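Protein chains: 2
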Amino acid sequence: MSFDRDHVLRAAADLLTRKATATTEEVARAAGISRATLNRHFSGRDALVRALEDLGIAECEAALDAARLAEGTAEEAVRRLVRALEPCTSLLAFLYSENQLFEGEGQHAGWSRIDARLTELFRRGQESGEFRIDLSAVWLTEALYGLLAAGGWAVIEGRAARNDFTHMIAELLLGGTMRRDAS
Amino acid sequence: MSFDRDHVLRAAADLLTRKATATTEEVARAAGISRATLNRHFSGRDALVRALEDLGIAECEAALDAARLAEGTAEEAVRRLVRALEPCTSLLAFLYSENQLFEGEGQHAGWSRIDARLTELFRRGQESGEFRIDLSAVWLTEALYGLLAAGGWAVIEGRAARNDFTHMIAELLLGGTMRRDAS
DNA sequence: CTCATGTGAGACGTTCATGTCTCATTGGCT
DNA sequence: AGCCAATGAGACATGAACGTCTCACATGAG
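Protein sequence lines correspond, in order, to chains A and B.
UniProt numbering puts the first sequence at residues 1 to 183.
UniProt numbering puts the second sequence at residues 1 to 183.
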C-alpha cells in the first residue's frame, strides 16, 4: 500500500513508451494508484517526465559503468554496452522521441555526459584502428541511439524477438549488412 | 493568394518534424495562411496529419521506384535507395515518430506495401549471398527506418551535415562500424 | 464597374487534460 | 482500541487547443 516510487516510474515508462500521449489518469491506472496520489508525489506531468528522464539517465550511466567502456577492444566494449543497455531500452526509446517532440529548451546535462562517453568510445575505436574513420564518432553515437530506439519499438510491436535484441543491434552497428568474405 | 495545397503540406511537415506538438495555429502561421483557411481545406488536425501521411507514402513509393530496387546488386540498390529517400527524410522522421506516438489503430496500407518492398530488397541481397543472413530482412528494414530518422534529426539539430547524410546512412547500414581489412 | 469567391482576423462555444480540493476509508503503529 | 498518515474517489475550476461562425476586405472574372 505504501507508495513505491520506483514501481510507479517503471509502469509510467512502460505505458508512455507505447503511447507517449497517455493521460495522467492512464498513467496512474497503469501504476495501480489514483490520479490524486500521482499528483501528490510528482507535482504535475512535467515533473513526472523529468523524473523519468533522471531515471533513464541514471540507468544509462550505470549501464555505461557496467560495460567498462575503456577496457579491452572497442568492439568488445560496444557489445558489452549494447547488452548492458538492453534492459532500459523502452525507457530510452521514450525519452529519445520525447526529446525530438519539443524544440531546444536546453537538454538535461546528463545526456551530454552520456553522449561524451559514447563518442569517446567510438573515437577510441577509430584511433586504435578498429573502427573506420569515414564515419564520425558523433554520427556513430546518433546511429546507436536510433538503432536502440528502432529495436525497442520493433520488440514492443512484436516485429522482432526480445532475445535477438542484443545481437541485432550490436551486429548491425559493428558489422553492417554486407557479408564478410574473410575475417 | 490562391491556396497552394502542396506548399501548405510541406510547411506543415517542416514544422511538425521539429516540433510534433505544434498547434494548428502555429502550423497555419508557418504555412503563411490563417487558421480558418487551414480548417477550410483540412477538416481538422487529424485530416492534416493523414494528408501528410499520404504525401509521405507517395513520395516514399516514388523514391522506391526511382531507386530501381530490383536492378543490379542489392548493395547498389540500397545506395540508390538511401540517396532517393534523402529529400523526404524529415517527413519520414515525423511520420515515424507519429506512428510510435499512438497505439495500433491500424496503420496505413501504404506502409505495408513499402515495408514489403524494402524487406524484399534485403531478402534478395541475402539470397544472392551479398548480405548476411543472421540479421533478418525485417530487422534490416526496421534498422533502415531508425537510421533514416536518426540521421534526419541529427541534420535538423545541426549535429551532422546534410551533405554527409547519404554516405553516413548507407555506409553504416551496409558496412557497419568495423574497419574492413580486405575488400 | 459589379459581383462572386476566397481569405484573414477575431469571437464564441465545446471538449479535454490537468491540477487542486474535499471527504470518507484504509492500513499501520502505539 | 485509538490515532495518524496516506490513499482513493470524486467534484471543481482552469487553461489550452480545437472547430465553427461571422464579418470585413481583397482579388479576379464577367
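Even glycine gets a Cβ: it sits at the ideal position worked out from N, Cα and C.
All of these numbers come straight from a predicted model, not from anything done at the bench.
Partners in chain B for residue i, counting only beta-carbon separations shorter than 8 Å
i, result
"residue 134 of chain A", "167 and 171"
"residue 112 of chain A", "Correct list: empty, because the minimum Cβ distance to chain B is about 12 Å."
"residue 21 of chain A", "101 and 102"
Residues near residue i by beta carbon distance below 8 Å, same chain, minus five either side
i, result
"residue 83 of chain B", "67, 166 and 170"
"residue 3 of chain A", "33, 37 and 41"
"residue 28 of chain A", "34, 35, 37 and 38"
"residue 18 of chain B", "156"
"residue 11 of chain B", "27, 30, 31 and 32"
Buried or exposed (CB count within 10 angstroms, at least 16 for buried), residue i
i, result
"residue 79 of chain B", "buried"
"residue 57 of chain A", "buried"
"residue 20 of chain A", "buried"
"residue 109 of chain B", "exposed"
"residue 73 of chain A", "exposed"
"residue 53 of chain A", "buried"
"residue 114 of chain B", "buried"
"residue 102 of chain A", "exposed"
"residue 150 of chain A", "buried"
"residue 71 of chain B", "exposed"
"residue 127 of chain A", "exposed"
"residue 137 of chain B", "buried"
"residue 23 of chain A", "exposed"
"residue 25 of chain B", "exposed"
"residue 62 of chain A", "exposed"
"residue 183 of chain B", "Residue placement at residue 183 of chain B is flagged as unreliable, the pLDDT there being 47, under the threshold of 50; the coordinate-derived value follows with that caveat. Result: exposed."
"residue 44 of chain B", "exposed"
Residues of its chain near residue i, where Cβ-Cβ distance is below 6 Å and the 5 sequence neighbours each way are ignored
i, result
"residue 152 of chain A", "89, 90 and 93"
"residue 64 of chain A", "117"
"residue 76 of chain A", "none"
Limits of the unbroken alpha helix (DSSP H) element including residue i
i, result
"residue 143 of chain A", "137 to 156"
"residue 168 of chain B", "165 to 175"
Beta-carbon neighbours of residue i, restricted to chain B and to distances below 9 Å
i, result
"residue 185 of chain A", "Residue 185 of chain A is absent from the structure shown; chain A starts at 1 and stops at 183."
"residue 38 of chain A", "Per Cβ cutoff of 9 Å: no residues; residue 38 of chain A is ~21 Å from chain B at best."
"residue 138 of chain A", "154, 159 and 160"
"residue 130 of chain A", "177, 178 and 179"
Own chain partners of residue i with C-beta closer than 7 Å, once the 5 adjacent residues on each side are dropped
i, result
"residue 154 of chain A", "160"
"residue 51 of chain A", "9 and 42"
"residue 99 of chain A", "107"
"residue 131 of chain A", "74, 122 and 125"
"residue 172 of chain A", "147"
Under 7 Å by beta carbon: chain A residues contacting residue i
i, result
"residue 143 of chain B", "147, 150 and 172"
Residue i: contacting residues in chain A (beta-carbon distance under 8 Å)
i, result
"residue 97 of chain B", "97, 100 and 101"
Partner residues on chain B for residue i, Cβ-Cβ distance less than 7 Å
i, result
"residue 75 of chain A", "178"
Complete runs of the alpha helix (DSSP H) confined to the region 70 to 130 of chain B [at least 4 residues]: Segments of the alpha helix (DSSP H) lying fully in the region 70 to 130 of chain B: 74 to 85, 89 to 101 and 109 to 127.
Go through the UniProt domain "HTH tetR-type" (2 to 60) of chain A residue by residue and report every complete run of the beta strand (DSSP E) that reaches 3 residues or more, in order. none
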